[in-house]
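Enquirer: Have a look at this one.
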Amino acid sequence: MDRLRIDGGVPLTGDITISGAKNAALPLMAAGLVTDGTLTLGNVPHLVDTASMEVLLRNHGMDVIRDGETVSIGGTVTNFDAPYDLVRKMRASILVLGPLLARYGQARVSLPGGCAIGTRPVDLHIRAMQAFGAIVELADGYIQARAPSGLTGGRVVFPMVSVGATENALIAASLAKGESEIVNAAREPEIIDLAECLIAMGAKISGHGTDTIMVEGVDRLGDATHQVIPDRIEAGTFAMAAAITGGELTLHKARPRHLDALFDVLKSAGVSVTDNGDAIQVSGNGQVTSTDITTDPFPGFPTDLQAQFMALMCLAEGSSRISETVFENRFMHVPELVRMGADIQVDGGVAMVRGRPSLTPAPVMATDLRASVSLVLAALATKGTSEVSRIYHLDRGYSDLETKLGSCGARMERVGD
Ligand code: EPZ
Numbered sequence: 000m001d002r003l004r005i006d007g008g009v010p011l012t013g014d015i016t017i018s019g020a021k022n023a024a025l026p027l028m029a030a031g032l033v034t035d036g037t038l039t040l041g042n043v044p045h046l047v048d049t050a051s052m053e054v055l056l057r058n059h060g061m062d063v064i065r066d067g068e069t070v071s072i073g074g075t076v077t078n079f080d081a082p083y084d085l086v087r088k089m090r091a092s093i094l095v096l097g098p099l100l101a102r103y104g105q106a107r108v109s110l111p112g113g114c115a116i117g118t119r120p121v122d123l124h125i126r127a128m129q130a131f132g133a134i135v136e137l138a139d140g141y142i143q144a145r146a147p148s149g150l151t152g153g154r155v156v157f158p159m160v161s162v163g164a165t166e167n168a169l170i171a172a173s174l175a176k177g178e179s180e181i182v183n184a185a186r187e188p189e190i191i192d193l194a195e196c197l198i199a200m201g202a203k204i205s206g207h208g209t210d211t212i213m214v215e216g217v218d219r220l221g222d223a224t225h226q227v228i229p230d231r232i233e234a235g236t237f238a239m240a241a242a243i244t245g246g247e248l249t250l251h252k253a254r255p256r257h258l259d260a261l262f263d264v265l266k267s268a269g270v271s272v273t274d275n276g277d278a279i280q281v282s283g284n285g286q287v288t289s290t291d292i293t294t295d296p297f298p299g300f301p302t303d304l305q306a307q308f309m310a311l312m313c314l315a316e317g318s319s320r321i322s323e324t325v326f327e328n329r330f331m332h333v334p335e336l337v338r339m340g341a342d343i344q345v346d347g348g349v350a351m352v353r354g355r356p357s358l359t360p361a362p363v364m365a366t367d368l369r370a371s372v373s374l375v376l377a378a379l380a381t382k383g384t385s386e387v388s389r390i391y392h393l394d395r396g397y398s399d400l401e402t403k404l405g406s407c408g409a410r411m412e413r414v415g416d
């Protein structure tokens, strides 16, 4: 398995172009199942997860053509099974459930199972499909769903905000007969991006970006061309790379409005953030001050930036209280940061971080996507050689990480066992 060898202690300075958003691209690719024409997606990042989604769509019989950053999806589904060996590699595979039901009235999707950050149930996805008239049974580790006379519009009220369940509901409702209402919907930019793409395909959607989305079902969805929004989590990660190394990075294509919660916190921690219109400049000018955060669904502080922020707080002045409210086990990076000399105490969903002047280089192990990049940030800020193992986690969500950071002065080398 590959490791990343990092010689840290160098302030990062330079320009980085932010790639398309993984968490927008995956539902958008799944939406390719509902078009009876061709969906052409631009700015699709080259990631392990987007490649897995391409394999899954081809498994269903779709024609999927990748040409650089463009992915074209068309054809007809011939296989309605999403098998465990594909789904277990990428939980977002559950996003084929709504499209298959909406367009074909049937789907057999393996239960994704949990992952490092939590049990990751899919009960809210199932609730949404049932609200639209689907008959859903769980058997042999699979979700077996059918809607022999198609889906019918309905009202689904989510007891908690779920990005994926909102996306499945949105795609399913687009082809359901009649009106649908999605209450307590997720408000993430990726939801808005998906809705805009579906509207381009012919869907009738309003309220996307708010907590109540209204959909008027249509008979068919056709061709569309859509650009994937930039990845706000990648941009936020690199903003914290500038802060933690005391450097200055200019992030091109990033959308400041997608990162208000992070930038508010960074500014209160003494990091300078400047919106240059088509780019964001982040400078870590010296000492960072500890700041408390609580993760929340958008527009709150993103759970996907919590691990990276914790790495930054390990080197801040003072103590920081980090509360993770979205996932039940998203502190897997803590023991690894402690190996580097960080002072962190965890009590349930709260981590208390006492900042230190410096960390010590060490071999550490990645456990999940965002935990792995938090270890990279800590290593970049630490003089000496650290090694991050199991970086296949990184490759799921960051394209060309070494190239992008390397062009800004990071000394990182990928080494095999
Ligand atoms: C999406 O996951 C993202 N993944 C995650 O990013 C992100 O952390 C998460 O949203 C929250 O923003 C993609 O978009 C591909 P949820 P998702 O459903 O949809 C519980 C990354 O690092 N829940 O909003 O799976 C769930 O257990 C990844 O890029 C249920 O209880 O997240 C969690 O506690 C990690 N039942 C909470 O809701 C359900 O049916 C929020 O999960 C569904 C979810």
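Numbering follows numbering that gives the first Met the number 0, in which position 396 of the sequence shown is assigned residue number 395; successive positions increment by one, without gaps.
Note that beta-carbon positions come from the ideal geometry of N, C-alpha and C, so glycine has one too.
The model shown is predicted, which means the values in this text are computed figures rather than measured ones.
Near S282, which residues of its chain fall below 6 Å by C-beta distance, leaving aside the five closest residues on each side in sequence?
Expert: Contacts found: E247, S271.
Enquirer: Going by DSSP, what residues sit across from C114 in a beta bridge?
Expert: DSSP output for C114 lists G117 as bridge partner(s).
Enquirer: Could you tell me which of G221, G177, E178, M213 sits nearest to C196, measuring between CA atoms?
Expert: Of G221, G177, E178, M213, the residue nearest in Cα terms is G221.
Enquirer: Out of L314, E316, R338, D303, which has the shortest C-alpha to C-alpha gap to T324?
Expert: The option with the nearest alpha carbon to T324 is D303.
Enquirer: Buried or exposed: which applies to G7, given that a residue is buried once 16 or more other Cβ atoms fall within 10 Å of its Cβ?
Expert: Its Cβ being crowded by 16 or more others within 10 Å, G7 is buried.
Enquirer: Tell me, which residues are paired with E180 by DSSP?
Expert: The partner list for E180 (beta bridge, DSSP) reads R154, M213.
Enquirer: Indicate the three-state DSSP secondary structure (helix, strand or coil) for P98 in the structure shown.
Expert: Looking at P98 - three-state DSSP - the assignment turns out to be helix.
Enquirer: Return the chain-ordered list of same chain residues with a C-beta closer than 6 Å to the C-beta of D62, the five sequence neighbours on each side being excluded.
Expert: Here the set comprises G73, G74.
Enquirer: Between the alpha carbons of E412 and M213, how many angstroms are there, rounded?
Expert: Their Cα atoms are separated by approximately 49 Å.
Enquirer: Can we say the region 81–98 touches the region 109–117, given the rule of at least three CB pairs closer than 8 Å?
Expert: With a cut-off of 8 Å, the region 109–117 and the region 81–98 count as touching, because enough Cβ pairs lie within range.
Enquirer: Identify every run of the alpha helix (DSSP H) within the region 371–416, keeping only runs that are complete inside it and at least 4 residues long; order them along the chain.
Expert: List check, alpha helix (DSSP H) in window: 391–396, 400–405.
Enquirer: On a CA-only basis, which of E316, T49, I17, D295 is nearest V162? Give me that one, please.
Expert: When only C-alpha atoms are compared, the closest one is D295.
Enquirer: Since V333 and A350 should fall inside the 8 Å C-beta cutoff, what is the C-beta to C-beta distance between them, to a whole number of angstroms?
Expert: Correct: roughly 6 Å between the Cβ atoms.
Enquirer: Just list the alpha helix (DSSP H) runs in the region 310–377, keeping only unbroken ones of 4 residues or longer that don't cross its boundaries, in chain order.
Expert: Segments of the alpha helix (DSSP H) lying fully in the region 310–377: 333–338.
Enquirer: Quick one: complete alpha helix (DSSP H) runs, 4+ long, within the region 23–83?
Expert: The qualifying runs are 47–58.
Enquirer: Measuring alpha carbon to alpha carbon, tell me which residue in R410, Q307, I321, G405 is nearest G383.
Expert: G383 has its Cα closest to that of R410, out of R410, Q307, I321, G405.
Enquirer: Taking just the CA atoms, how far does G19 sit from I228?
Expert: Going from the Cα of I228 to the Cα of G19 covers about 6 Å.
Enquirer: From what residue to what residue does the beta strand (DSSP E) around R145 run?
Expert: Residues 141–145.
Enquirer: Considering only the alpha carbon of each residue, which of I343, A341, Q286, S322 lies closest to E316?
Expert: Among I343, A341, Q286, S322, the Cα nearest to that of E316 is on Q286.
Enquirer: Let me check one thing: in DSSP terms, what residues is R231 bridge-paired to?
Expert: BP columns for R231 are empty, so no partner.
Enquirer: Let's see if you can read the secondary structure: which residues bound the beta strand (DSSP E) around T290?
Expert: Per DSSP, T290 belongs to no beta strand (DSSP E) and is neither H nor E.
Enquirer: In the DSSP assignment, find the beta strand (DSSP E) that holds D6 and state where it starts and stops.
Expert: Residues 2–7.
Enquirer: Just to confirm, does S161 get its C-beta within under 7 Å of one of the non-hydrogen atoms of the ligand EPZ?
Expert: S161: yes, Cβ under 7 Å from the ligand EPZ.
Enquirer: Specify whether the region 0–17 and the region 176–193 touch according to this definition: at least 3 beta carbon pairs, one from each stretch, less than 8 Å apart.
Expert: No, the region 0–17 is not in contact with the region 176–193.
Enquirer: Based on Cα-Cα distance, which residue from R186, F79, L40 lies nearest to A164?
Expert: Nearest of R186, F79, L40 to A164, Cα basis: R186.
Enquirer: How about I116 and D394: do their beta carbons lie closer than 8 Å?
Expert: Against a cut-off of 8 Å, the Cβ pair of D394 and I116 comes out as no contact.
Enquirer: For G276, name the three-state secondary structure that DSSP assigns.
Expert: Looking at G276 - three-state DSSP - the assignment turns out to be coil, as it is neither helix nor strand.
Enquirer: Using CA atoms only, rank isn't needed, just tell me which of D346, R389, M339, N328 is closest to T118.
Expert: Comparing Cα-Cα distances from T118 to each of D346, R389, M339, N328, the minimum goes to N328.
Enquirer: Let me confirm a value: T502 is counted as buried when at least 16 other C-beta atoms fall within 10 Å, else exposed. Which label applies?
Expert: Residue 502 lies beyond the residue range present for the chain, which begins at 0 and ends at 416; the question has no answer from this structure.
Enquirer: Would you decide whether L56 is buried or exposed? Buried here means 16 or more other CB atoms lie within 10 Å of its CB.
Expert: Flag for L56 reads buried.
Enquirer: Spatial neighbours of T244 within its chain, please: CB distance less than 7 Å, with the 5 preceding and 5 following residues excluded, ordered by chain position.
Expert: Excluding residues within five positions, the ones whose Cβ falls inside 7 Å are V9, P10, L11, G283, L379, A380.
Enquirer: In chain order, what residues of the same chain lie with their CB nearer than 6 Å to the CB of R4, ignoring the 5 residues before and after it?
Expert: E386, E412, V414, listed in sequence order.
Enquirer: Once DSSP output is grouped into helix, strand and coil, what is the label at G163?
Expert: G163 falls in the helix class under three-state DSSP.
Enquirer: Give the secondary structure of V437 by DSSP, where H, G and I count as helix, E and B as strand, and everything else as coil.
Expert: In the structure as shown, the chain begins at 0 and stops at 416. Residue 437 is therefore absent and cannot be evaluated.
Enquirer: Do you know how far the Cα of M28 is from the Cα of A101?
Expert: Cα to Cα, A101 sits roughly 15 Å from M28.
Enquirer: Go ahead and pull the three-state DSSP assignment for D14.
Expert: D14: strand per DSSP, three-state reduction.
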